[in-house]
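Mind the numbering: the sequence shown is residues 1 to 287 in full-length UniProt numbering, read in order. Notes to accompany the following structure.
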Amino acid sequence: MKLGIIGESGLYDLEGLENAAWQEVDTPWGAPSDAILTGTLDGLDMAFLPRHRRGHALAPSDVPYRANIDALKRLGVTDIVSLSACGSFREEMAPGDFVIVDQFIDRTFARAKSFFGTGCVAHVSLADPTCRRLSNAVLGAAEAAGVTVHEGGTYLAMEGPQFSTLAESRLYREQWGCDVIGMTNMPEAKLAREAELCYASVAMVTDYDCWHEDHGAVDVATVVRTLQGNAEAARNLVRGLPERLPPARTACSEGCDRALDHAIITAPEARAPEVLARLDAVAGRVL
Ligand SMILES: CSC[C@H]1O[C@H](OP(=O)(O)O)[C@H](O)[C@@H]1O
Ligand SMILES: Nc1ncnc2[nH]cnc12
Numbered sequence: 001m002k003l004g005i006i007g008e009s010g011l012y013d014l015e016g017l018e019n020a021a022w023q024e025v026d027t028p029w030g031a032p033s034d035a036i037l038t039g040t041l042d043g044l045d046m047a048f049l050p051r052h053r054r055g056h057a058l059a060p061s062d063v064p065y066r067a068n069i070d071a072l073k074r075l076g077v078t079d080i081v082s083l084s085a086c087g088s089f090r091e092e093m094a095p096g097d098f099v100i101v102d103q104f105i106d107r108t109f110a111r112a113k114s115f116f117g118t119g120c121v122a123h124v125s126l127a128d129p130t131c132r133r134l135s136n137a138v139l140g141a142a143e144a145a146g147v148t149v150h151e152g153g154t155y156l157a158m159e160g161p162q163f164s165t166l167a168e169s170r171l172y173r174e175q176w177g178c179d180v181i182g183m184t185n186m187p188e189a190k191l192a193r194e195a196e197l198c199y200a201s202v203a204m205v206t207d208y209d210c211w212h213e214d215h216g217a218v219d220v221a222t223v224v225r226t227l228q229g230n231a232e233a234a235r236n237l238v239r240g241l242p243e244r245l246p247p248a249r250t251a252c253s254e255g256c257d258r259a260l261d262h263a264i265i266t267a268p269e270a271r272a273p274e275v276l277a278r279l280d281a282v283a284g285r286v287l
């Protein structure tokens, strides 16, 4: 097992890795958000990638999601824990709480969402977009870190970078039954599934978006204040992961690592060699 951690707004580095080194990785999809920090934590191989780049230079729409997932897979990552800041649509999911997301609604529209396309078409299942096995380990680590954690929740992925209007916030909360909102987990989760990587998402609540009458509109100052405490709790959560994840990885009980078994529909003779070439890391197992 090699564990990838994608760091959220507020977490751009991971201390305490043995043999830590920042590695540049090139991919057929361009450069990832940043160099990737590799090393081991209590014997577990780790690869950490700051989603917005150190210094937070990348907007959610400009994060190179395909390059990020490809680069992690290319480094041998098998499982990804995504850490994200989010707004909450639920009174009981308060700022400082963590939500182990298990469903998504994708409202993003300005991002490349698939490794596949003309020359090699594939359709993977996203019915269960996160890995239950990995999510359970993350839940245990969050509880051990002393965080108030909610098991399960629907994450609305919006394009941003502006926060939602009040009408949107009410729609997502009251009509669509969403629990949290952020700008980055899609297409990240879709691409992880296409790359046959187990994916778990920890959404760390920073605010109540704008629906909550006692809290008013969300602004970056409020978010950043809460982010700092959340980032410390996230570091504690990560420290609890090695003891919950076996270094000798067995096949995923949910089938994440076999997602492409029946997904590619393009006939072998109709596949474009140049398209196959850039799928070497993501889909090499089945091509
Ligand atoms: C700084 S608030 C908005 C920003 O924070 C979240 O990013 P991430 O998911 O990487 O923590 C949110 O999705 C927005 O991109
Ligand atoms: N309210 C919110 N909407 C979208 N993304 C967020 N990230 C943190 N808070 C958010």
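Ideal placement from N, C-alpha and C gives every residue a C-beta, glycine not left out. Here the structure is a predicted model, which is why all the values come from computation and not from measurement.
Give me the residue from the options with the minimum Cα distance to residue i.
i	options	result
V224	E243, M204, R239 and A71	M204
A20	G39, P28 and L3	G39
W211	R239, R54, F163 and Q228	F163
R285	L41, E194 and V63	E194
P161	L41, E18, E24 and P60	P60
R51	G43, D13 and L17	D13
D26	P64, L17 and G10	P64
G76	L83, P95 and L44	L44
L260	R278, L287, Q228 and R249	L287
G152	M93, L11 and A283	M93
C86	I264, Y208 and R258	Y208
A283	I181, R258, P129 and D128	R258
E24	D62, V275 and D34	D34
A263	A110, N68, G55 and A122	A122
residue 338	S169, P268, A167 and N136	An answer regarding residue 338 cannot be provided, because it is not within the stretch 1 to 287 covered by the chain.
E174	R278, A267 and E91	E91
A233	A142, H56 and V124	A142
A200	G140, A145 and R170	G140
E15	A270, T250 and N236	N236
M186	E196, L156, Y172 and W176	L156
D219	A272, T165, V124 and L279	T165
Thinking residue i and residue j are a contact (beta carbons under 8 Å), I'd like their distance in whole angstroms, please.
i	j	result
D214	F89	Actually they do not touch by this definition, with Cβ atoms about 14 Å apart.
C256	C120	The Cβ separation is near 20 Å, so there is no contact.
L37	I6	12 Å between Cβ atoms; not a contact.
S82	V202	7 Å
V147	F98	5 Å
R249	M1	4 Å
Can residue i be considered in contact with ligand 2, in the sense that its beta carbon sits closer than 7 Å to one or more heavy atoms?
i	result
T206	yes
I181	yes
F98	no
A189	no
D106	no
D13	no
M158	yes
A85	yes
V218	yes
F89	no
F163	yes
D62	no
residue 294	Since the first residue of the chain shown is 1 and the last is 287, residue 294 is not available in this structure.
D214	no
D209	yes
Assuming contact is defined by CB atoms lying nearer than 8 Å, are residue i and residue j in contact in what I supplied?
i	j	result
P28	A71	no
I100	T154	no
T108	M46	no
K113	A281	no
D79	L191	no
T206	T184	no
P246	L41	no
N134	C198	Residue identity check: residue 134 is Leu in the sequence provided, not Asn. A contact, by the Cβ cut-off of 8 Å.
D128	E254	yes
G10	A221	no
A67	G30	yes
G96	G229	yes
G240	A145	yes
E168	S84	no
Using only the heavy atoms of ligand 1, determine whether one of them is closer than 7 Å to the beta carbon of residue i.
i	result
A122	no
T184	yes
V223	yes
S201	no
H52	yes
E8	yes
Complete alpha helix (DSSP H) runs within the stretch 32-114 (minimum length 4 residues, chain order): List check, alpha helix (DSSP H) in window: 65-74.
Length at least 4, wholly inside the stretch 160-245: the alpha helix (DSSP H) runs in chain order: Entirely contained in the stretch 160-245, the alpha helix (DSSP H) runs reaching 4 residues are, in chain order, 166-170, 185-194 and 220-239.
Unbroken stretches of the beta strand (DSSP E), 3 residues or longer, contained in the stretch 1-34: Unbroken beta strand (DSSP E) stretches of 3 residues or longer found wholly inside the stretch 1-34: 2-7 and 18-23, given in chain order.
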